[in-house]
Structures are given as C-alpha cells and as structure tokens.
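Residue numbers (UniProt numbering): 1 to 205. Backbone N, C-alpha and C define an ideal beta-carbon position, used for all residues, glycine too. It should be emphasised that the depicted structure is a prediction, and the values quoted were computed from it without experimental measurement.
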Amino acid sequence: MTELGRLFFFTAPTSLPQLKLGFLYSRRLSSTTRLPFQAMACVEAKSNSPDVKEPLAKLQKLDSGPFFKVKKLSEKAVLPTRGSPLSAGYDLSSAVDSKVPARGKALIPTDLSVAVPEGTYARIAPRSGLAWKHSIDVGAGVIDADYRGPVGVILFNHSDVEFEVKVGDRIAQMIIEKIVTPQVIEVEDLDATVRGDGGFGSTGV
1 MTELGRLFFF TAPTSLPQLK LGFLYSRRLS STTRLPFQAM ACVEAKSNSP DVKEPLAKLQ
61 KLDSGPFFKV KKLSEKAVLP TRGSPLSAGY DLSSAVDSKV PARGKALIPT DLSVAVPEGT
121 YARIAPRSGL AWKHSIDVGA GVIDADYRGP VGVILFNHSD VEFEVKVGDR IAQMIIEKIV
181 TPQVIEVEDL DATVRGDGGF GSTGV
C-alpha cells in the first residue's frame, strides 16, 4: 500500500444490498477526519456478524391482529371489555334503562355493531353473577361474521321479581369462537359407530 492512502470497503444499507462503496483516506489524515471511515468499517463488521438481530421491519408485530372491530352507534354505547386478562368473554352493557318482567323477557340494545375476525362468530352468553343472583338468562345469542347491524341482548327473567336494567349495566358477555363450515354433501349411508342411533338418555341420565 502506498503512502497516498488505503482503500476501505463497506456494505451499504439494506436498501442497496449489492452496492459497495470505496473510501480512500491518507495516513496523514487527522484522527477526527478518519473517524467516519472507521465507523463505516465497524458497520460492515456488525452487519456480517451472526449475533446481529434482524431489523425491526422483519420482526413480527405484536399488534398485527386479529382484531375485534366495534362501532358505537350512540353516546350511551359502552365498548366491550374483559374482566381479567384471561377472561373468555367481553362484557356487554345496556345502552338504555329497561325492565325485564318477572317470568318474562326483554330485548336490551347495546347500541354497538361488531365485526369479528375471519373464521369466527360471536356468541352472547349469560353473566354468571346475574344468572345466580337474579335468575337472568340469555337467549338466541349467535352473531354471524357477516352481520353488521346493532347488537341486542335477549334477557330471560326466570324469577318472580321484575329485574331492572340501567344504562351502563353489564348484562351479558360476548365470546368469540372459531367455527368450521364444511360443504354439505348427501350420502346414502353414514359411517357405523358403537353408539349408533342411541340418544335421549341412552348412555345414562
């Protein structure tokens, strides 16, 4: 190598992976001037190291989905929430004041519209506290993935006392469940099983 200088190469950023640039500097350059070129050489060494982690752009994003999309239809609507990190259901709240008559039923609006993730449907289930303390049950709780209308909750009151509902009260829970929808085909016979056509208590009460 002559006194004029040395030739250093480094790999360019990932946007130009095949491009390599040469930099010539003289031995006579000051340490301050030489610093940028030394840093470039350092980048080359780190980029070729097996210990270097993948760029952030290549890492899987934690918030990439799936998403449970919810639209409020009024100011009284309350977004569904889970009671704990491991809760299966999202609590649904009433958007109106209402009453469920004794031994009767009522349709309670939530003023929400939802879109569940692909391959799932939403099931509206009772809340254990209401079922145990007030005999409140839920009916007709299937929400298909392509339904975009307002979500209402049918409450059944199995007690002899009228049940009062206030705006914001949690009245049910929505569980997102996976679903399989195979194609229907007609066959002449079904596979035989040990149980056969036994039902309605055939295996015991």
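Identified DSSP bridge partners for residue i
| i | result |
| --- | --- |
| T120 | K178 |
| residue 237 | An answer regarding residue 237 cannot be provided, because it is not within the stretch 1 to 205 covered by the chain. |
| residue 206 | What the structure shows of the chain is the stretch from 1 to 205, and residue 206 is not part of that stretch, so it cannot be assessed. |
| K76 | None, per the DSSP bridge assignment. |
| T81 | D91 |
| V142 | R123 |
| I108 | V153 |
Residue i vs residue j beta-carbon contact at 7 Å
| i | j | result |
| --- | --- | --- |
| G108 | L155 | Rather than Gly, the amino acid found at residue 108 in this sequence is Ile. In this structure, L155 lies closer than 7 Å to I108 by Cβ. |
| I175 | A125 | yes |
| A145 | L92 | no |
| H158 | S135 | yes |
| V70 | V114 | yes |
| K99 | V167 | no |
| S74 | D169 | no |
Counted within 10 angstroms of its Cβ, other Cβ atoms place residue i as buried (16 or more) or exposed
| i | result |
| --- | --- |
| D111 | buried |
| L190 | exposed |
| F200 | exposed |
| S84 | exposed |
| A88 | exposed |
| V151 | buried |
| A102 | exposed |
| S142 | Note that residue 142 is Val in the sequence shown, not Ser. With fewer than 16 other Cβ atoms within 10 Å, it is exposed. |
For residue i, the first and last residue of its enclosing beta strand (DSSP E)
| i | result |
| --- | --- |
| E162 | No beta strand (DSSP E) holds E162; DSSP gives it neither H nor E. |
| F156 | G152 to N157 |
| V100 | S98 to V100 |
| D137 | I136 to G139 |
Cut-off 6 Å between Cβ atoms - residues of its own chain near residue i, not counting five sequence neighbours on either side
| i | result |
| --- | --- |
| A140 | I154 |
Nonlocal neighbours in the same chain, by C-beta distance under 7 Å from residue i, ignoring five residues either side
| i | result |
| --- | --- |
| P66 | P117 |
| I179 | G119, T120 and Y121 |
Any C-beta of chain C under 7 Å from that of residue i
| i | result |
| --- | --- |
| V205 | Any reference to chain C falls outside this structure, which holds one protein chain only. |
Nonlocal neighbours in the same chain, by C-beta distance under 8 Å from residue i, ignoring five residues either side
| i | result |
| --- | --- |
| E177 | T120, Y121, A122 and R123 |
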